[in-house]
Amino acid sequence: MVFKEIPILDLSEARDEHTKPVFLRQLRDALLNVGFLYVKNTGIDQETLDRVCEQGIKFFELPEDDKLAIEMKNEPSFLGYSRLGNEITASKADWREQLDLGTPHALRTEQDPLYYNLFGPNQWPNEKALPDFKPVFEDYMRRMSDISIFFTSLIAEAIELPANAFDNFFDKGQQHKLKVVKYPDNGSGVGQGVGPHKDSMLTSYLLQASNHKGLQAQNTQGEWIDCPPIKGTLVVAIGQGLEALTGGVCASTTHRVLSPAAGSGARFSIPFFQGVSYDAKFESMNVPDHVRALRREILSEQNGRRDDVEFTFVKGRWNHLGEATLMNRIKSHQDVGEKWYPELLRQQQQQQHDQGAKPDEAADNKEKERQLATVPENANVPVPGPKSGTRAIEAH
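Residue numbers (our numbering): 245 to 640.
Laid out in structure tokens, this is it:
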């Protein structure tokens, strides 16, 4: 049955052995049928969530010069501030400004692959202007790191894999990413806050920081379903990495954000993106046949899957997940690409030109056809590769 609303799961039930079996059944249904869900009772108290939202909103009240002092293009890591309209999704500029942050990780050495540049240090706002911002967000990212790893273990159990099935896909001290995002009221109530897309990696967790509608998930029939803010919850989106790892069993759902309604003020959101080892390669993972069959049955009943978003993790295109991630970031943030990766940006634009696409288009027609098909018996997915050098994910 095609989903018409987003399910709400109580994470506290997963921490109680008496209620955990019911939770896992609900989670499996959400994974196979929707790929989008709310979780409540996450273990993070409302006071902490309110403080995170407050500090996030205060960042955008800083003078423009203070924000530009930590602009993303200052560093090759794609961490930092991105001004309004500077990111591209689905061939169009997103009407939002944002700050990208990451959890701590050792930095790239000369012997490491180029994609280890993604492990750069954070660019924090001026401590005199926002003294509480850094400690509040460091604490929140630590907590979300723990929640994301726990939730991934629940996903494994829900599809009848060992709870630690995904552990080898994480680095020791895995880096995760977070965005603080403002969608301004553009006065028209129309336009793209962020265009249709799927998150990368495994899972992402959205804290909706203002009482605005705008987030929508696309069902398999192409309909857009509202995901309004619900106090005390996080919205969980299944990423392309998890869909790939599970051979298509866990659905990565296309979603978008509409610009706020005219006169309603700016919308704020704070998504946390669970990272995966950038050294992951592309092979296959064993999900029980009867679980794969359930997903195929769902797609068959719904006459296939319809969306227009390119699938990132295709065998033969990249050697490692880090390469795919780096190229996606260059495509989305071309000002960073021009400064730090000009040759890769030119190669990407030339390839898209040769395929008959505009330089910033993401469409890959062959891959669209693949997405409309049912789940393959043996999908090509990333598995951990060897670690290289000393460690001196992101999403859309």
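Note that CB positions come from ideal geometry on N, CA and C, so glycine has one too.
A quick note: this is a predicted structure, and the numbers were derived from the prediction, not measured.
| Asked | Found |
| --- | --- |
| From which residue to which residue does the alpha helix (DSSP H) around PRO379 run? | 377-402 |
| Can you tell me the Cα-Cα spacing of ASP604 and ILE514, whole angstroms? | For ASP604, the predicted structure reports a pLDDT of 47, less than 50, and the residue's modelled location is therefore unreliable. A value from the coordinates is still provided. Near 26 Å, if we compare the C-alpha coordinates of ILE514 and ASP604. |
| Would you kindly work out how many angstroms separate the C-alpha atoms of SER508 and GLY519, rounded to a whole number? | 34 Å |
| Are LEU565 and ALA537 close, meaning C-beta to C-beta below 8 Å? | no |
| Let's test the definition: count the other Cβ atoms within 10 Å of the Cβ of ARG539 and tell me whether it reaches 16, buried, or not, exposed. | buried |
| Helix, strand or coil for TYR522? Go by DSSP, reduced to three states. | coil |
| In the DSSP assignment, what residue or residues form a beta bridge with ARG511? | TYR427 |
| What does the alpha-carbon distance come out to for the pair ALA461 and GLU331? | 20 Å |
| For the beta strand (DSSP E) that contains ILE482, what are its first and last residues? | 477-482 |
| Can you grab the Cα-Cα spacing for the pair VAL438 / LEU328, in whole Å? | 11 Å |
| If I'm right that PRO504 touches ASP429 with Cβ under 8 Å, what's the distance once you round it to whole angstroms? | 5 Å |
| Would you say the segment 407-417 touches the segment 452-470, given that touching needs at least three Cβ pairs under 8 Å? | no |
| Starting from ASP254, trace the beta strand (DSSP E) in both directions and tell me its first and last residue. | 252-254 |
| Rank PRO472, VAL480 and LEU253 by C-alpha distance to the C-alpha of SER392 and give the top, closest one. | VAL480 |
| Could you tell me which residues DSSP puts in a beta bridge with GLY231? | The chain is shown from 245 up to 640; residue 231 falls before or after that span and cannot be answered. |
| Is the closest heavy atom of the ligand GDP to the C-beta of ILE393 under 7 Å? | Annotation note on the ligand GDP: not contained in the displayed structure, which lists no ligands. |
| For GLU315, write down the residues that DSSP places opposite it in a beta bridge. | TYR325 |
| Quick one: Cα of ASP376 to Cα of GLU382, how far? | 10 Å |
| Return the residue from the list GLY346, CYS471, GLY287 and PRO369 that minimises the CA-CA distance to ASP390. | GLY287 |
| Give a yes or no on whether the C-beta atoms belonging to VAL501 and ILE403 are separated by under 8 Å. | no |
| TYR585: which of LEU345, GLU308 and SER321 sits nearest, CA to CA? | SER321 |
| Taking its Cβ as the centre, do 16 or more other Cβ atoms sit within 10 Å of VAL278, making it buried, or is it exposed? | buried |
| Between LEU275 and the rest of its own chain, which residues show a CB-CB distance below 8 Å, the 5 nearest in sequence each way excluded? | ILE399, ALA402, ILE403, ILE482, VAL493, CYS494 and ALA495 |
| Cβ of PHE304 within 8 Å of Cβ of MET385? | no |
| So, is VAL590 buried or exposed, given that buried needs 16 or more other C-beta atoms within 10 angstroms? | Checking the displayed sequence, the identity of residue 590 turns out to be Arg instead of Val. Exposed, because fewer than 16 other Cβ atoms sit within 10 Å of the Cβ of ARG590. |
| How would you call GLY476, buried or exposed, if buried means at least 16 neighbouring beta carbons within 10 angstroms? | exposed |
| With a 10 Å radius around its C-beta and 16 neighbouring C-beta atoms as the bar for buried, classify PRO263 as buried or exposed. | Looking at the sequence provided, one finds Thr at residue 263 rather than Pro. The residue in question, THR263, is exposed, as its Cβ has fewer than 16 Cβ neighbours within 10 Å. |
| Counting C-beta neighbours from all protein chains within 10 Å, is the total for LEU292 16 or more, i.e. buried, or is it exposed? | According to the sequence shown, residue 292 is Thr rather than Leu. It counts as exposed. |
| Closest by CA to ARG259, which one among ARG340, PHE395, PHE247 and ASP310? | PHE395 |
| Check the DSSP bridge columns for TRP468 and list the partner residues they point to. | GLN462 |
| Return the CA-CA distance between LEU281 and GLU257, expressed in angstroms with no decimal places. | 15 Å |
| Within the continuous beta strand (DSSP E) that includes VAL531, where are the two ends? | Element bounds for VAL531: n/a, residue is neither H nor E. |
| Do we get a CB-CB distance below 8 Å when we pair ALA506 with the residues of chain D? | Given the protein chain composition of this structure (a single chain), no chain D is represented. |
| List the residues that DSSP assigns as beta-bridge partners of LYS421. | GLY346 and PHE517 |
| How is GLN452 classed by DSSP in three states: helix, strand or coil? | strand |
| Give me the Cα-Cα distance between VAL535 and PRO348, rounded to the nearest whole angstrom. | 36 Å |
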